[in-house]
Structures are given as C-alpha cells and as structure tokens.
Amino acid sequence: MRTLRNVVEYSTGIRFFPEPVTKELAEGETWDVDALVRQALEAMPEDAWAFRLGVRVVETWTMDDSGEKGERVKHEWRPGRYYPSARAYTVAEIEAMPGDHRILAGNVQGNDRTGNPRGVRCRLGNWQMLEPGDVVLDEQGRASL
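The numbers in the sequence shown follow our numbering, run straight up by one, and end at 146.
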C-alpha cells in the first residue's frame, strides 16, 4: 500500500548548518500550492527562516511467507525554497548598503545560477543565495519577486 502526505521542511537556526524540521501538512496528493504555503506559514517555528514543500511517500507491504511487515519512507521535494518575511537584493543594492559589503556582493555574484544574481536577507537576518525556483514572500505571505 502507498500513502502520500504533504510535508514541509523548515530551515531553522542561523548556524553554519541549519537544522531541518519536518512537519506534515494536508493529507493526500494535494498540490494546491497556495494552500500548502499558507499552512506552512501558520505552522512555522519561530526560528525558521525558509521552508520547502514536498510529499512523504510511505510504502508498506506484508511478506507472503512470514507475514512480516515492511515499510519504506521517502520524500519527494518540490524545487525551490520559500523565504517568508524576506527581501531579495541585487548586487547593486547590496553594494549601496551602508558599510563594507564587498564579500557578500561577491558571493552573490559568484554563486549565481539564475542569470540574475540576488541575495535574500531572511527574516532572522541571515543571507542566502537566490536559487532557481526560490520564492521570496513578503510579510503577508505573498510572492514579492
């Protein structure tokens, strides 16, 4: 038997390696992305700065000979991350910010895979590189790009 569950994986904390936190959302193979984003925002931990959506696929079976049960769980993730209450900055906007931001601007420029280099200042103040498929959400949860 195969069971599908919509899940969200939050990136939490602002350490070098973020801690993932996964929670279940609506049941089934629902891909009303707007509804799933709203659910993810409502369930978001305080220390989360990004999230991604996916489906947890659980396959269960019973062995014919022994009656023993087995289970396999895997996640299938949609491309891109969502950055709630965040703002995207171009390289020129980063360079124009007060202070010396040459390293940040260089990282954004050098790590770009979109053809339009932008960095995302997340809601906790950390920076991430905007990747293909990423969505920056304003304070109301609307896409701001």
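Note that CB positions come from ideal geometry on N, CA and C, so glycine has one too. Because the structure is a prediction, the values reported are computed rather than measured.
**Item:** Opposing strand residues paired with Met130 [DSSP bridges]
**Value:** Taking the sequence shown and counting its residues from 1, the one referred to as residue 130 is at position 129. The partner list for Met130 (beta bridge, DSSP) reads Gly120.
**Chain-order list of residues whose beta-carbon lies under 6 Å from that of Ile15 (same chain, five-residue window excluded)** = Locating residue 15 in the sequence shown gives position 14, where the first residue counts as 1. Cβ neighbours of Ile15 beyond the five flanking positions: Leu125 and Asn127.
**Request:** Would you mind reading off the limits of the beta strand (DSSP E) that contains Asn108?
**Result:** Here residue 108 refers to the residue found at position 107 of the sequence shown. That residue, Asn108, is in no beta strand (DSSP E); its alpha helix (DSSP H) goes Arg103 to Gly111.
**Prompt:** Which whole-angstrom value describes the C-beta separation of Leu131 and Gly120, a residue pair presumed to lie in contact below a C-beta threshold of 8 Å?
**Reply:** As a first step, residue 131 must be located in the sequence shown, where it is residue number 130. As a first step, residue 120 must be located in the sequence shown, where it is residue number 119. Right, the Cβ-Cβ distance comes to about 7 Å (below 8 Å), so this counts as a contact.
**Request:** Could you work out which residue in Val34, Leu37, Gly81 and Glu10 is closest to Pro46 when comparing CA atoms only?
**Result:** In the sequence shown, counting from the first residue as 1, residue 46 sits at position 45. Answer by Cα proximity: Glu10.
**Asked** Among Thr4, Gln40 and Arg143, which one has its Cα closest to the Cα of Pro57?
**Response** As a working note, residue 57 is residue 56 in the sequence shown. In the sequence under discussion, the amino acid at residue 57 is Arg, which differs from the Pro named in the question. The shortest C-alpha separation from Arg57 is found at Thr4.
**Prompt:** How is Ala44 classed by DSSP in three states: helix, strand or coil?
**Reply:** Against the sequence shown, residue 44 aligns to sequence position 43. Coil at Ala44, not helix or strand.
**Prompt:** Taking the C-alpha atoms as reference points, what is the distance between Gln40 and Asp48?
**Reply:** Within the sequence shown, the letter at position 39 stands for residue 40. Within the sequence shown, the letter at position 47 stands for residue 48. Computed Cα separation, rounded: 17 Å.
**Item:** Proximity winner among Arg82, Gln110, Glu77 and Thr13, relative to Tyr90 (alpha-carbon distances)
**Value:** Looking up residue 90 in the sequence shown gives position 89. Of Arg82, Gln110, Glu77 and Thr13, the residue nearest in Cα terms is Gln110.
**Item:** Nearest-angstrom Cβ-Cβ length linking Leu26 and Gly142, presumed shorter than 8 Å
**Value:** In the sequence shown, counting from the first residue as 1, residue 26 sits at position 25. In the sequence shown, counting from the first residue as 1, residue 142 sits at position 141. Leu26 to Gly142, Cβ: 15 Å. No contact.
**Request:** Flag this pair as yes or no: are the beta carbons of Gly68 and Thr61 separated by less than 8 Å?
**Result:** Locating residue 68 in the sequence shown gives position 67, counting from the first residue. Locating residue 61 in the sequence shown gives position 60, counting from the first residue. Their beta carbons are not under 8 Å apart, which means Gly68 does not touch Thr61 by this criterion.
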